[in-house]
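Q: Residue numbers (our numbering): 34 to 247.
The beta carbon of each residue, even a glycine, is placed where N, CA and C say it ideally should be.
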Amino acid sequence: MEFLPEPINAYTEAHSMPESELLAQLNRETFEKVLQPRMLSGHLQGRVLAMLSKMIKPQYVLEIGTYTGYSALCFAEGLAPGGELHTIDVNEELTPMVDRYFRQSPHSAQLYIHVGKAMEIIPTLHLPWDLVFIDADKQNYSNYYHLLINHLPSGAIIIADNVLWSGKVVDPQNYKSDKDLQALVEFNAMVHADSRVENVLFPIRDGLMVLRKY
Ligand SMILES: C[S@@+](CC[C@H](N)C(=O)[O-])C[C@H]1O[C@@H](n2cnc3c(N)ncnc32)[C@H](O)[C@@H]1O
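If you want it as structure tokens, here you go:
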């Protein structure tokens, strides 16, 4: 869901960097062939993620929720020389497509695909993540956060997607009937109150919670 009026959104995209041809092709193929294509970050959010990554210049990026690989390719643009991006998804059917696009990326040697449940894979990866993107099953957002936060170096950034859940986070009547919404509301409140991090909720697309560990 876009929160900006369509003309403002179009103007914003028109005055932001374009997607690379590889990302535009991945965007098109995802919409043509894959279920739930709106899960893909897309042009504007993708450029925001790429810009943040270029500002951070991470050595180690962890992505939870690869889908077709769009956001991973955006984060890869900012990787430090010799850096690594590890991305996890439970849906093995998407792996051949992700792999095909990763091979075409100038950063292909730095990209690692992991297939399985993120709660099981994360504890097997012992790297000092300086950028983490949480974008998988909403009911595990808090679990992912708790699993990682004590192991992250000072200054590490966590970005969590969809934290506005199409704006429903402000409507308490929905909380009980939507478990994902309930989980996101609890996640937002929990991280906002956590003295180990500072945070800003960016109202970009479906909401990006950006957290920096002290
Ligand atoms: C919103 S999509 C990710 C979109 C992608 N980050 C992008 O912006 O292009 C969420 C992905 O999380 C994956 N997923 C859901 N539950 C998961 C779990 N328990 N472990 C790992 N991946 C999971 C889904 O298969 C789906 O591909």
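Find the nearest neighbour of Asp239 within the set Leu214, Leu95 and Arg133, judged by alpha-carbon distance.
A: The shortest C-alpha separation from Asp239 is found at Leu214.
Q: With DSSP collapsed to three states, give me the class of Leu113.
A: Reading off the sequence, residue 113 comes out as Ala, not Leu. It is coil, neither helix nor strand.
Q: With a cut-off of 8 Å on the beta carbons, I'd call Thr63 and Leu73 a contact; round off their distance for me.
A: The Cβ separation is near 5 Å, so the contact holds.
Q: Mind reading off the beta-carbon distance from Ile191 to Leu234? Whole number of angstroms is fine, and I expect it under 8 Å.
A: At roughly 13 Å, the Cβ-Cβ gap does not stay under 8 Å, so Ile191 and Leu234 are not in contact.
Q: Report the rounded CA-to-CA distance for His159 versus Asn221, giving the unit in angstroms.
A: Straight-line Cα distance between these residues: approximately 26 Å.
Q: Give every residue of the same chain whose Cβ lies closer than 8 Å to the Cβ of Ala113, excluding the five residues on either side of it in the sequence, and list them in chain order.
A: Counting only Cβ-Cβ distances below 8 Å, and skipping sequence neighbours, we find Lys90, Pro91 and Gln92.
Q: Taking only three categories from DSSP, how would you classify Ala62?
A: The amino acid at residue 62 is misidentified as Ala; the sequence shows Glu. Here Glu62 sits in helix by DSSP.
Q: At 3 residues or longer, what runs of the beta strand (DSSP E) sit wholly inside the region 117 to 179?
A: Segments of the beta strand (DSSP E) lying fully in the region 117 to 179: 117 to 122, 144 to 148 and 164 to 167.
Q: Which two residues bound the contiguous alpha helix (DSSP H) that contains Met223?
A: Where Met223 is concerned, the enclosing alpha helix (DSSP H) stretches over Lys212 to Ala226.
Q: With a threshold of 8 Å, are at least 3 pairs of Cβ atoms found where one atom belongs to the region 164 to 175 and the other to the region 103 to 117?
A: Yes, the region 164 to 175 touches the region 103 to 117.
Q: For Arg245, list the residues DSSP reports as bridge partners.
A: Per DSSP, Ile190 and Glu231.
Q: Under a three-way DSSP split, which group does Val67 fall into?
A: Three-state DSSP puts Val67 in coil, outside helix and strand.
Q: Taking the alpha carbon of Glu126 as the point to measure from, which residue in Glu153, Asn173 and Leu68 has its own alpha carbon closest?
A: Minimum Cα distance to Glu126 is reached at Leu68.
Q: Assuming Val218 and Tyr208 are in contact, meaning their beta carbons sit under 8 Å apart, how far apart are those beta carbons, in whole angstroms?
A: Correct: roughly 6 Å between the Cβ atoms.
Q: Pull the bridge partners of Glu96 from the DSSP assignment, please.
A: Its beta-bridge partners are Thr120 and Phe166.
Q: Quick check: does the Cβ of Leu55 come within less than 8 Å of any heavy atom belonging to ligand 1?
A: No.
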